[in-house]
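First up is the structure itself, then whatever we jot down about it.
Protein chains: 2
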Amino acid sequence: MLDKIKSSEGTLSRSERKVANQVLENPDQIVEASIQHLARMAQVSEPTVVRFCRAIGCDGYHDFKLRLARSIASQDKFFFRDVAASDSSRELSDKLIDSAIASMQHIRNQLDHQAVDAAIELFCQCERVEFYGSGGSGLVAEDAQLKFFRLGKPAIAYVDPHVQKAAASLLDSASLAVVISYTGKNKDVLEAVGLARQTGAPVVSVTRTGSPLALLSNINLNVDVAEDSDMFSPLKSRLAQMMVLDILAVGIALRGGDEMIDQLVRATAAIADKFVE
Amino acid sequence: MLDKIKSSEGTLSRSERKVANQVLENPDQIVEASIQHLARMAQVSEPTVVRFCRAIGCDGYHDFKLRLARSIASQDKFFFRDVAASDSSRELSDKLIDSAIASMQHIRNQLDHQAVDAAIELFCQCERVEFYGSGGSGLVAEDAQLKFFRLGKPAIAYVDPHVQKAAASLLDSASLAVVISYTGKNKDVLEAVGLARQTGAPVVSVTRTGSPLALLSNINLNVDVAEDSDMFSPLKSRLAQMMVLDILAVGIALRGGDEMIDQLVRATAAIADKFVE
DNA sequence: ATATTTTTGTAGTAATATTACAGTATCAGC
DNA sequence: GCTGATACTGTAATATTACTACAAAAATAT
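From first to last, the protein sequence lines are chains A and B. Read left to right, the first sequence gives residues 2 to 278 (my numbering). Read left to right, the second sequence gives residues 2 to 278 (my numbering).
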């Protein structure tokens, strides 16, 4: 909703823009305000407020406030709450899931779409792709392998640091290296990236903004997740990384057209006999 | 909000309860309705509606509708939308993330908390735990291994079907087997479970309700994720499984007290020298 | 500089929500 | 089973709120 206001700001008249600014500045106040209130705050007349509502695609002030309330609510609903030993399993699961959702929303807001597009482009152009990750990120690398080789392009994941380095040194400019690391500071991975870059292979990283790994890569897909709640287990960063790679994979699949869909269908059919019934 | 209404239903008068029922039955209609409208729907007078609002802790009808809009919005905001080749990467990522969030919310609502408690109990009592999963679920099993052995209890993941069967036949009643499968129909995994049960080891499964695997297990942690959007890559089921196991792990960690926290700290410190800076 | 279009505000109208009050039902005590 | 008290509910009036029609003002083009 707020995005909508921002994007349609260009088509608004001067007074209407005054209203828009008021709304954007303190939306949570506006939700509770009457049309009079808002008109006074923006120093315009009440009908102008109504016109503003219509201009951004609402039925009237009522409808506008309702939609605003909705969109604001859902922004704030999910956040990290500390877990306690006294929590029931219901409280515990609610807290953890809400926290995970919050981190997903965060990814949704901060993901660099240009980088995604650029990464898709690199993938489409390369002949083969290799994924590097250690520890927890190694799992993400393997998950990515599963996703990407179903698309019909040679894809492999290396989780062992030594093997990573050996593999990286054997890349070439027709390959693509995708490097996954939560902190972006893992020595082994950084060394592997250095070797990869020397071969002329482009490197796409999935790590936090500004980390050593991000700086060493051609493209970085930002995954900045709050560390707060990951004390017990680093779930959120893992979910976020997998999410980003999934977006990449689906983006590529969509761009690949029917041919790639065929590959998917065949890959799925290949394991059909593994199931009962 | 709806919970609040439900819980305070006991203190309401008969007419007020009529209003409450109307609200609970179709909340999304009510959000758009005027006080007249709602009064007519509940077959009461308008002041009764106002009284109802006050009774559940709102300032008036206005305030009530605002709060209702808020709470409903955040429930329905996320849902699956089909991706299209024409989607920009922004649209694509928004759709995929929303869909993933929706599946998390689904887990939040349908998770069987009694089963979680029972699984925690089993874990605390066992001497060692083994995780079984193949293909994509194999990754989840390995992720679980990482989570659980940090808690100081022997934990191991088997992803190879043959190894799974061999390992399962060597379990005993002091072990715990955790079996992960999206469909719950994988033959190899089912056979492994059969072997495990014969040894007297309890089996906790993470799969869909009512699947063959769920029926064979002592406890099942339901993970029913809509299949709709997982055509390109089975992300949502994976996230859901990992989420559930994370809830389990954190639940156990919290119940383990300071001793277990110590284990966590030590496990984290052990890899500290792997990072630059 | 004038005409035209767009924008903005004023005043009035319709609706919506709220309040005061009175009638009705419910229940306890006799 | 009746009476009185209490709680509940609806009617009617009021105040507030949102909206519309119209006219004035500003901005733009000719």
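The beta-carbon is built from N, C-alpha and C at its ideal position, and this holds for glycine as well. Please read all numbers here as calculations on a predicted model, not as lab measurements.
Let me know the secondary structure DSSP gives Thr200 of chain B once reduced to three states.
Looking up residue 200 of chain B in the second sequence gives position 199. In the structure shown, Thr200 of chain B sits in coil (DSSP, three-state: anything other than H, G, I, E or B).
Give me whichever residues DSSP pairs with Ile157 of chain A in a beta bridge.
Counting from one through the first sequence, the residue named residue 157 of chain A turns up at place 156. For Ile157 of chain A, the pairing in a beta bridge is given by DSSP as A:Glu131.
So, is the C-beta of Ile157 of chain B closer than 8 Å to a C-beta in chain A?
Within the second sequence, residue 157 of chain B is the residue found at index 156, counting from 1. Chain A contact via Cβ: absent.
In chain order, what residues of the same chain have a beta carbon less than 7 Å from the beta carbon of Ala175 of chain A, not counting five sequence neighbours either side?
One-based indexing of the first sequence puts residue 175 of chain A at position 174. Same-chain partners within the cutoff: Cys127 and Glu128.
Flag this pair as yes or no: are the beta carbons of Asp118 of chain B and Asn223 of chain B separated by less than 8 Å?
On the second sequence, residue 118 of chain B is found 117 positions in, with the first residue counted as 1. On the second sequence, residue 223 of chain B is found 222 positions in, with the first residue counted as 1. The answer is no: Cβ separation not under 8 Å.
If I follow the unbroken alpha helix (DSSP H) through Glu20 of chain A, where does it start and stop?
Taking the first residue of the first sequence as 1, we reach residue 20 of chain A at position 19. According to the sequence shown, residue 20 of chain A is Val rather than Glu. From DSSP, the alpha helix (DSSP H) with Val20 of chain A extends over Arg15 to Glu26.
Just the Cα atoms here: how many angstroms apart are Gly11 of chain B and Val205 of chain B?
As a first step, residue 11 of chain B must be located in the second sequence, where it is residue number 10. As a first step, residue 205 of chain B must be located in the second sequence, where it is residue number 204. Cα-Cα distance, rounded: 39 Å.
Residues in its own chain within less than 7 Å of Ala59 of chain B by CB, not counting five upstream and five downstream?
As a first step, residue 59 of chain B must be located in the second sequence, where it is residue number 58. Reading off the sequence shown, one finds Cys at residue 59 of chain B, where the question assumed Ala. Once the five neighbours on either side are set aside, the close Cβ partners of Cys59 of chain B are Phe65 and Arg68.
Would you report the Cα separation of Gly61 of chain A and His38 of chain B, rounded to the nearest angstrom?
Residue mapping note: residue 61 of chain A aligns to position 60 of the first sequence, counting from 1. Residue mapping note: residue 38 of chain B aligns to position 37 of the second sequence, counting from 1. Taking the straight line joining both Cα atoms gives about 18 Å.
Is the Cβ-Cβ distance between Phe132 of chain A and Val179 of chain A less than 8 Å?
As a working note, residue 132 of chain A is residue 131 in the first sequence. As a working note, residue 179 of chain A is residue 178 in the first sequence. Against a cut-off of 8 Å, the Cβ pair of Val179 of chain A and Phe132 of chain A comes out as a contact.
Report all residues from its chain with a CB closer than 8 Å to the CB of Leu25 of chain B; omit the five preceding and five following residues, and keep chain order.
Position 24 of the second sequence holds residue 25 of chain B. Cβ neighbours of Leu25 of chain B within its own chain (closer than 8 Å, five residues either side excluded): Leu3, Ile6 and Lys7.
In the DSSP output, what is Thr208 of chain A paired with across the bridge?
Walking along the first sequence from the start, residue 208 of chain A turns up at place 207. Bridge partners of Thr208 of chain A: A:Asn223.
Using DSSP with H/G/I as helix, E/B as strand and the rest coil, what is Val179 of chain A?
In the first sequence, counting from the first residue as 1, residue 179 of chain A sits at position 178. In this structure, Val179 of chain A counts as strand in the three-state DSSP scheme.
Distance cutoff 8 Å, beta carbons only. Does Asp83 of chain B sit that close to anything in chain A?
Taking the first residue of the second sequence as 1, we reach residue 83 of chain B at position 82. Not an interface residue.
Quick one: is Met42 of chain A near chain B, going by C-beta distance under 8 Å?
Here residue 42 of chain A refers to the residue found at position 41 of the first sequence. Answer no: the Cβ-Cβ gap between Met42 of chain A and chain B never drops below 8 Å.
For Cys54 of chain B, count neighbouring Cβ atoms within 10 angstroms of its own Cβ and tell me buried if that reaches 16, exposed if not.
The sequence position of residue 54 of chain B within the second sequence is 53, counting from 1. Under this definition Cys54 of chain B is a buried residue.
Between which two residues does the alpha helix (DSSP H) harbouring Thr49 of chain A extend?
On the first sequence, residue 49 of chain A is found 48 positions in, with the first residue counted as 1. Looking at the DSSP string, the run of the alpha helix (DSSP H) that includes Thr49 of chain A is Glu47 to Ala56.
8 Å is my cut-off, CB to CB: does Leu193 of chain B come that close to chain A?
Residue mapping note: residue 193 of chain B aligns to position 192 of the second sequence, counting from 1. In the sequence as displayed, the identity of residue 193 of chain B is Ala instead of Leu. Taking Cβ atoms only, chain A never reaches closer than 8 Å to Ala193 of chain B, which makes this a no.
With Ala86 of chain B and Leu255 of chain A assumed to form a contact (beta carbons below 8 Å), what rounded beta-carbon distance in angstroms separates them?
The residue labelled residue 86 of chain B in the question sits at position 85 within the second sequence. The residue labelled residue 255 of chain A in the question sits at position 254 within the first sequence. The C-beta distance from Ala86 of chain B to Leu255 of chain A rounds to 5 Å, short enough to meet the 8 Å contact threshold.
Please list, in chain order, the chain A residues whose beta carbon lies closer than 8 Å to that of His114 of chain B.
On the second sequence, position 113 is the one that residue 114 of chain B refers to. Chain A residues near His114 of chain B: Ser89, Ser90, Arg91 and Ser94.
Using a Cβ cut-off of 8 Å (strictly closer), state whether Gly61 of chain B contacts chain A.
Here residue 61 of chain B refers to the residue found at position 60 of the second sequence. Answer no: the Cβ-Cβ gap between Gly61 of chain B and chain A never drops below 8 Å.
Using the beta-carbon of each residue, which ones in chain A are nearer than 8 Å to Gly137 of chain B?
Reading the second sequence from its first residue, position 136 is the one you call residue 137 of chain B. Under the 8 Å cutoff, chain A gives Asp144 and Leu147.
Which residues of chain A have a Cβ atom closer than 7 Å to the Cβ of Ala101 of chain B, listed in chain order?
Stepping through the second sequence from its first residue, residue 101 of chain B is reached at position 100. Correct list: Met105 and Met244.
Find out if the Cβ-Cβ distance for the pair Ile31 of chain A, Gln23 of chain A is shorter than 8 Å.
As a working note, residue 31 of chain A is residue 30 in the first sequence. As a working note, residue 23 of chain A is residue 22 in the first sequence. Yes, these two residues count as a Cβ contact at 8 Å.
Going by C-alpha distance, which of A:Pro28, A:Arg41 and A:Arg52 is nearest Leu13 of chain A?
Taking the first residue of the first sequence as 1, we reach residue 13 of chain A at position 12. It is A:Arg52.
Quick one: residues in its chain with C-beta nearer than 8 Å to the C-beta of Ile108 of chain B, no 5 flanking neighbours on either side, listed in chain order?
Counting from one through the second sequence, the residue named residue 108 of chain B turns up at place 107. Within the same chain, Ile108 of chain B has close Cβ partners Val224, Val226, Ala241, Met244 and Val245.
With a cut-off of 8 Å, does the C-beta of Arg239 of chain A fall near any C-beta of chain B?
Position 238 of the first sequence, counted from the first residue, corresponds to residue 239 of chain A. Chain B, which has a Cβ nearer than 8 Å to the Cβ of Arg239 of chain A, makes this yes.
Under a three-way DSSP split, which group does Ser72 of chain A fall into?
Against the first sequence, residue 72 of chain A aligns to sequence position 71. Three-state DSSP puts Ser72 of chain A in a helix.
Give every residue of the same chain whose Cβ lies closer than 7 Å to the Cβ of Ile248 of chain A, excluding the five residues on either side of it in the sequence, and list them in chain order.
For the purposes of this step, residue 248 of chain A is taken as residue 247 along the first sequence, with counting starting at 1. In its chain, beyond the 5 residues on either side, Val117 have a beta carbon closer than 7 Å to the beta carbon of Ile248 of chain A.
For the alpha helix (DSSP H) that contains Pro162 of chain B, what are its first and last residues?
Counting from 1 along the second sequence, the entry for residue 162 of chain B is found at position 161. Residues Pro162 to Ala169.
Can you tell me the Cα-Cα spacing of Ser9 of chain A and Gly185 of chain A, whole angstroms?
Looking up residue 9 of chain A in the first sequence gives position 8. Looking up residue 185 of chain A in the first sequence gives position 184. Roughly 38 Å separates the two Cα atoms.
Could you give the DSSP three-state label for Val318 of chain A: helix, strand or coil?
It is not possible to answer for residue 318 of chain A, since the shown part of chain A is limited to 2 through 278.
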